[in-house]
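Contents: one structure, followed by commentary.
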Ligand SMILES: [Fe+2]
Ligand SMILES: [Fe+2]
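Numbering (the numbering used here), first residue to last: 513 to 687.
Okay, here's the thing in structure tokens:
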């Protein structure tokens, strides 16, 4: 779409998130399916349900603004999906793939957090209070998921690293 003013920019950015969320609903079941860790699997499944709600909230934003979602493709999420496909071709062990997926989830959530933060700022300036509320609901769930992905990644990372090295009390610090 032609972008001529701040409202056009807002609608383009909102359309980018609409595209992102729709792509994410296709990626999350794949991530849940390839994780052997029950807690990770259920985190992806829970965020899938939240993401479906995010799309409904965005639909509501567009109807409050009296318009349809513009035809925008979120290239960032497309790129993250491509990175996932490329990584999988290397046939990583299951828990390494899960670790990668948690990192990819964290990157995705931070993209969403940055996007919603910007959109909320613009919606506030436009005086669109209901749109602000809907976008804040999405933002809060992205923040929760980012925290969850970070926590699960730390837990799995500790398991993969194995027990900490035995006492190094006798060692002199180098330099
Ligand atoms: Fe989302
Ligand atoms: Fe998300």
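For each residue, glycine too, the CB sits at the ideal point set by N, CA and C.
Treat the numbers as computed from the prediction; the structure is a model and nothing was measured.
Should residue 618 and residue 662 be called a contact, given that it needs their Cβ atoms to be closer than 8 angstroms?
Taking the chain shown and counting its residues from 1, one reaches residue 618 at position 106. Taking the chain shown and counting its residues from 1, one reaches residue 662 at position 150. Yes. Within cutoff.
Cβ of residue 537 versus every heavy atom of ligand 1: is any distance shorter than 7 angstroms?
For the purposes of this step, residue 537 is taken as residue 25 along the chain shown, with counting starting at 1. Exclusion of residue 537 from the 7 angstroms shell around ligand 1 follows from its C-beta lying no nearer than that to any non-hydrogen atom of the ligand.
What does the alpha-carbon distance come out to for the pair residue 565 and residue 530?
The residue given as residue 565 occupies position 53 in the chain shown. The residue given as residue 530 occupies position 18 in the chain shown. Cα-Cα distance, rounded: 12 angstroms.
So, residue 665 versus residue 615, is the Cβ gap smaller than 8 angstroms?
If you number the chain shown from 1, residue 665 lands on position 153. If you number the chain shown from 1, residue 615 lands on position 103. The answer is yes: Cβ separation under 8 angstroms.
What residues in its chain sit with their C-beta under 7 angstroms from that of residue 592, if we drop five residues either side in the sequence?
Mapped onto the chain shown, residue 592 falls at position 80. Here the set comprises 616, 619 and 620.
Between residue 629 and ligand 2, is the CB less than 7 angstroms from at least one heavy atom?
Position 117 of the chain shown, counted from the start, is the residue given in the question as residue 629. Not so, every heavy atom of ligand 2 lies at least 7 angstroms from the Cβ.
Leaving out five residues before and five after residue 631 in sequence, what residues of the same chain have Cβ atoms less than 8 angstroms from its Cβ?
For the purposes of this step, residue 631 is identified with residue 119 of the chain shown, where counting begins at 1. The beta carbon of residue 631 sits closer than 8 angstroms to the beta carbons of 522, 525, 526, 529 and 647 from its chain, once the five residues preceding and following it are set aside; these are given in chain order.
Could you give the distance in angstroms between the alpha-carbon of residue 585 and the alpha-carbon of residue 676?
Walking along the chain shown from the start, residue 585 turns up at place 73. Walking along the chain shown from the start, residue 676 turns up at place 164. Taking the straight line joining both Cα atoms gives about 45 angstroms.
Could you pull out every residue in the same chain whose Cβ sits closer than 8 angstroms to the Cβ of residue 513, ignoring the five residues on either side in sequence?
For this step, residue 513 is matched to residue 1 along the chain shown. Cβ neighbours of residue 513 beyond the five flanking positions: 520, 523, 524, 527, 582, 583 and 584.
Excluding the five sequence neighbours on either side, which residues of its own chain have a C-beta within less than 7 angstroms of the C-beta of residue 650, listed in chain order?
Translated into the one-based positions of the chain shown, residue 650 becomes position 138. Excluding sequence neighbours, residue 650 sits near 566, 569 and 628.
Just how far apart, CA to CA, sit residue 626 and residue 611?
As a position in the chain shown, residue 626 is number 114, starting the count at 1. As a position in the chain shown, residue 611 is number 99, starting the count at 1. Distance between the alpha carbons of residue 626 and residue 611 is about 23 angstroms.
Count the other CB atoms within 10 Å of the CB of residue 515; is the residue buried (16 or more) or exposed (fewer)?
Mapped onto the chain shown, residue 515 falls at position 3. The residue is exposed, with fewer than 16 neighbouring Cβ atoms inside 10 Å.
Can you tell me whether DSSP reads residue 579 as helix, strand or coil?
Stepping through the chain shown from its first residue, residue 579 is reached at position 67. Coil.
Only counting the same chain, and skipping five residues up and downstream in sequence, which positions put a Cβ closer than 6 angstroms to that of residue 588?
Taking the first residue of the chain shown as 1, we reach residue 588 at position 76. Once the five neighbours on either side are set aside, the close Cβ partners of residue 588 are 623.
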